[in-house]
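The structure appears below as structure tokens.
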Amino acid sequence: MPVSAPGADFLRSGLHASANRIQLRDMLREAACQCGRLVIRCSGEPAGISVCHCLDCQRRTGSVFGVAAFFAKEQVTIAAGSSTAFKRGADSGSSVTLHFCGTCGSTVWWQPERLPAMVGVAVGAFADPDFPAPLQATWDKRQHRWLHLPDEIVSYPQSAVRAAPRD
Amino acid sequence: MCFCKDCQRRTGSSGSVHAYYPEAAATVDGNVKLYSQPGDTGCLVNFHFCPDCGSTIFWTVEATPEQVGVPVGLFADPTFPPPTNAPFVPHKYPWFSVPEGVRQNEGHSEKFLAGAAAALVQRRIK
């Protein structure tokens, strides 16, 4: 659970400047698939949390958008289970390798080619409605018409990060 | 839409948005893998997912055998009709607003619970 109390030992998270929250730097959270066999452990706070309305995220989640928390690779360890990898192209022109549980199908994390130092983690895998809120939403041109996200979530018509130039 | 924690973990999103079709209205093309899990009523939910990418393609529920659940995201169509019911709102993420006019429930709807009770009776008879 996030800790919100002022104190000398608390550090505000780096890139995720969530309002009114001061987080323990060594916060540990576990993200698991639906059947619980595939578990990863994430230490510290994510560098960013993002909603994505792209059609690939819609098909992956089956929901109307994906919600991702991006952690630096070294913040994430596999705590249990093994994953099946699925590599696909992304709307940004780059590619992404997703890791899902072969028993229940839940995607727990992925590695975006254009952000090689980062791991995207499916926020739903934490199953914690108190998980910090997303600060941005990408591909809002694919947003379902009935959906309204809070104004505080900054929307981008497509991807917020430009694809890394290729050699 | 559903905010229960199983739907959160299955989708990886803040909840599921799905459409129910009459069982006869849906046919399957391609390979699916089965994952069955009892829900909190004790009734089984049979999820079918793509073994190559993990996406849930459809599910059947012992409590409502006449229906097939289909994840709305699979249609990849932002103009798909809006949801009408929202169970398990206590598990909703505070930044997500349920659209006006959507029926909200703390848990399952009464109709679902009645179906679950009937299904469990049927199971005992068999």
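Chains A and B, in that order, give the protein sequences. Under the numbering used here, the first residue of the first sequence is numbered 7, with each subsequent residue one higher. Under the numbering used here, the first residue of the second sequence is numbered 11, with each subsequent residue one higher. From the three backbone atoms N, C-alpha and C, an ideal C-beta is built for every residue, glycine too.
| Item | Value |
| --- | --- |
| CA-CA distance, T37 (chain B) and S98 (chain A)? | 33 Å |
| Using beta carbons (cut-off 9 Å, strictly below), is E158 (chain A) in contact with chain B? | yes |
| Buried or exposed: which applies to H154 (chain A), given that a residue is buried once 16 or more other Cβ atoms fall within 10 Å of its Cβ? | exposed |
| Mapping the DSSP letters down to three states, classify H58 (chain B) as helix, strand or coil. | strand |
| Three or more C-beta pairs closer than 8 Å, one from the stretch 12-26 of chain B and one from the stretch 68-76 of chain A: is that the case here? | yes |
| By a C-beta neighbour count over all protein chains shown, 10 Å radius and 16 as the cutoff for buried, is A37 (chain A) buried or exposed? | buried |
| The alpha helix (DSSP H) with R20 (chain B) in it runs from where to where? | 15-21 |
| According to a CB-to-CB cut-off of less than 7 Å, which residues of the stretch 65-88 of chain A neighbour chain B? | R65, R66, T67, G68, S69, V70, F71, G72, V73 |
| Using 8 Å for Cβ pairs, my map puts Q64 (chain A) next to A86 (chain B). What's the rounded Cβ distance? | 5 Å |
| At a CB-CB cut-off below 9 Å, which residues of chain B make contact with C41 (chain A)? | R19, Y45, Q47 |
| Give the secondary structure of R27 (chain A) by DSSP, where H, G and I count as helix, E and B as strand, and everything else as coil. | Its pLDDT being 48, under 50, R27 (chain A) is placed unreliably by the model, and nothing is read from it. |
| Output yes if chain B places a C-beta closer than 9 Å to the C-beta of P163 (chain A); else output no. | no |
| Determine, for R27 (chain A), whether the minimum Cβ-Cβ distance to residues of chain B falls below 9 Å. | Summary for R27 (chain A): the model assigns pLDDT 48, below 50, so the residue's position carries little reliability; its value from the coordinates is reported in the next sentence. With 9 Å as the cut-off, R27 (chain A) does not count as an interface residue toward chain B. |
| I need the straight-line Cα distance from P61 (chain B) to T103 (chain A), nearest angstrom please. | 15 Å |
| For C39 (chain A), I'd like the list of residues in its chain whose CB is within less than 6 Å of its CB, leaving aside the five on either flank, ordered along the chain. | C107, C110, S112, V114 |
| Can you list, in chain order, the residues of its chain whose CB lies under 7 Å from that of N56 (chain B), leaving out five sequence neighbours each side? | L44, S46, W69, T70 |
| What are the uninterrupted segments assigned as beta strand (DSSP E) that are 3 or more residues long and contained completely in the stretch 61-136 of chain B, given in chain order? | 66-71, 77-81 |
| Is there a C-beta anywhere in chain A that falls below 9 Å from the one on D50 (chain B)? | no |
| Okay, do the stretch 82-95 of chain A and the stretch 141-149 of chain A touch, 3+ Cβ pairs below 8 Å being the bar? | no |
| Can you name, in chain order, every residue of its own chain whose Cβ lies under 8 Å from the Cβ of V78 (chain B), other than the five neighbours on each side? | Y30, Y31, P32, E33, A35, A36, F68, W69, T70 |
| Return the residues of the stretch 78-103 of chain B that lie within a Cβ-Cβ distance of less than 9 Å from chain A, sorted by chain order. | V80, P81, V82, G83, L84, F85, A86, D87, P88, T89, F90, P91, P92, P93, P100, H101, K102, Y103 |
| On the criterion of 16 or more Cβ atoms from any shown chain inside 10 Å, does G40 (chain B) qualify as buried, or is it exposed? | exposed |
| I'd like the span of the alpha helix (DSSP H) that includes L61 (chain A), first residue to last. | 61-67 |
| Can you give me the C-alpha to C-alpha distance between G87 (chain A) and H105 (chain A), rounded to a whole angstrom? | 11 Å |
| Would N95 (chain B) and S119 (chain B) qualify as a contact pair, given that the criterion is a beta-carbon distance under 9 Å? | yes |
| Considering only residues of the same chain and omitting the five flanking positions on each side of P100 (chain B), which have a CB-CB separation below 7 Å? | E116 |
| Say whether chain B places a C-beta atom closer than 9 Å to the C-beta of P118 (chain A). | no |
| At a CB distance below 9 Å, what residues from the stretch 15-40 of chain B approach chain A? Give them in sequence order. | K15, D16, C17, Q18, R19, R20, T21, G22, S23, S24, G25, S26, V27, H28 |
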